[in-house]
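Residue numbers (the numbering used here): 846 to 1179.
Note that beta-carbon positions come from the ideal geometry of N, C-alpha and C, so glycine has one too.
Comments concern the structure below.
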């Protein structure tokens, strides 16, 4: 039995389109322990959501895991049958999608959709499933839950619909909860309530959480470990303190510089220059090299490997390895 609840090893996922192969995830690896929260952060197109969908194996028809493994309690789920994966989803691992309005079926009541998940993954009767649905809505802070189960998604507010999605994800008490941009469409007040709710439920149920987001503020509040992604690869990983106070990759530093400064000491935001790379045509070297002011020749030619700077803190950047390579080669990387 593995010490980790989930292990992702050298995962590669591609989408095969008419224009060619889109390499959305390129050899990423990470682990997740029970009761811990892992944050995956990066701008749009960095591979965050595709990583989550690869774990759940809910990719579109053109998407496919081309290599690597995803181990749940030591067992590689990429080799499981469709029926076994259907049992895994919801019962052992659940996901909260970005937009609850498009994720909930508009022609069925909230209660009907909650009951479906409970009946599918447990041996409860229909009456017991209805009682469980009401119980879950109450748990996630929905007022008048007995009334809400008879309502349709369009009759609820955005925050209420998101709570319904969380209730649905947690109805069977999974070991792992994947939250894909769970607060993107919500206002700040509701966002804070949803984050607090997720923390409270994690403590009560002891589940592990993978939080996928581009919001560094959300990451700082919830996560034990952070993984920064760009171009389908991991740039940097470490604790909240490592990433926010001692970033060692230029992309991570760029993300932090683009956050508004509430103290007023910095008047202007500093955007990251350039545009995201084309995943149809990945560069030969570092994915971020074309947007990095400190790029060296080796950055254009060689993909950097992750280099451990401190225990638990590593970055895939040639700048961190420059001194080491110079001492070995007797020269300069540039």
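- prompt: Considering only the beta carbon of each residue, do residue 874 and residue 868 sit closer than 8 angstroms?
  reply: No, they are not a contact pair.
query: So what does DSSP say about residue 1039, is it helix, strand or coil?
result: helix
- prompt: What are the boundary residues of the alpha helix (DSSP H) that residue 966 is part of?
  reply: 955 to 966
- request: Can you check DSSP and say which residues form a bridge with residue 921?
  value: For residue 921, which the question treats as bridged, DSSP gives the partners 916.
query: Taking residue 1047 as the reference, which of 1096, 984, 1081 has the closest Cα?
result: 984
message: In whole angstroms, give me the CA-to-CA distance for residue 962 and residue 908.
response: 25 angstroms
Closest by C-alpha distance to residue 1050, when choosing among 1003, 1145, 1022, 932: Nearest C-alpha to residue 1050: 1022.
message: Restricting to Cα atoms, I'd like to know which of 888, 861, 857 is closest to residue 911.
response: 857
task: Tell whether a beta-carbon distance below 8 angstroms holds between residue 1073 and residue 894.
output: no
task: Please go through the same chain and pick out, in chain order, the residues whose beta-carbon is closer than 7 angstroms to the beta-carbon of residue 865, but skip the five residues on each side of it.
output: These residues qualify, in order along the chain: 1125.
task: Below 8 angstroms on the Cβ atoms is my guess for residue 850 versus residue 929; work out the distance and round it to an integer in Å.
output: Not really, about 18 angstroms apart at Cβ, beyond 8 angstroms.
message: Strictly under 8 angstroms for the Cβ-Cβ distance: is residue 1105 near chain C by that measure?
response: Protein chain content of the structure displayed is limited to a single chain, and chain C is not contained in it.
- prompt: Looking only at its own chain, which residues have a Cβ that is under 7 angstroms from the Cβ of residue 1096, when we skip the five neighbours before and after it?
  reply: 1073, 1075, 1080, 1133
- request: Let me know if residue 1118 comes out buried or exposed under the rule of 16 or more other beta-carbons within 10 Å of its beta-carbon.
  value: exposed
query: Taking contact to mean at least 3 C-beta pairs separated by less than 8 angstroms, is the region 976 to 983 in contact with the region 933 to 942?
result: no
task: Run through the region 979 to 1064 for me and flag every whole beta strand (DSSP E) of 3 or more residues, listed as ranges in chain order.
output: 1021 to 1025, 1053 to 1058
- prompt: Taking the alpha carbon of residue 886 as the point to measure from, which residue in 999, 1153, 1068 has its own alpha carbon closest?
  reply: Considering only alpha carbons, the answer is 1068.
Same chain, Cβ closer than 7 angstroms to residue 1154, neighbours up to 5 away in sequence not counted: 1093, 1160, 1165
- prompt: What three-state label does DSSP hand residue 1082 in the structure shown?
  reply: strand
- prompt: Helix, strand or coil: which one does DSSP assign to residue 899?
  reply: helix
query: Can you list, in chain order, the residues of its chain whose CB lies under 7 angstroms from that of residue 999, leaving out five sequence neighbours each side?
result: 951
Residue 927 - containing alpha helix (DSSP H), residue span: 927 to 936 is the extent of the alpha helix (DSSP H) around residue 927.
- prompt: For the alpha helix (DSSP H) that residue 854 lies in, which residues bound it at each end?
  reply: Premise fails: residue 854 lies in the beta strand (DSSP E), 851 to 862, not in any alpha helix (DSSP H).
- prompt: For residue 872, which of helix, strand or coil comes out of DSSP?
  reply: Three-state result, residue 872: strand.
query: What residues are listed by DSSP as bridge partners for residue 1152?
result: 1160
Spatial neighbours of residue 945 in its chain, beta-carbon cut-off 6 angstroms, leaving aside the 5 residues before and after: 1006, 1007, 1010
field: Cβ shell of residue 995 (< 7 angstroms), same chain only, five flanking positions each side left out
entry: 954, 956
Inter-residue spacing [alpha-carbon to alpha-carbon] between residue 967 and residue 959: 12 angstroms
query: Under a Cβ-count criterion, where at least 16 other Cβ atoms within 10 Å of its own Cβ denotes burial, should residue 970 be classed as buried or exposed?
result: exposed
- prompt: What do you reckon, are the CB atoms on residue 1055 and residue 904 nearer than 8 angstroms?
  reply: no
- prompt: For the candidate residues 852, 888, 884, whose alpha-carbon lies nearest to that of residue 1122?
  reply: 888
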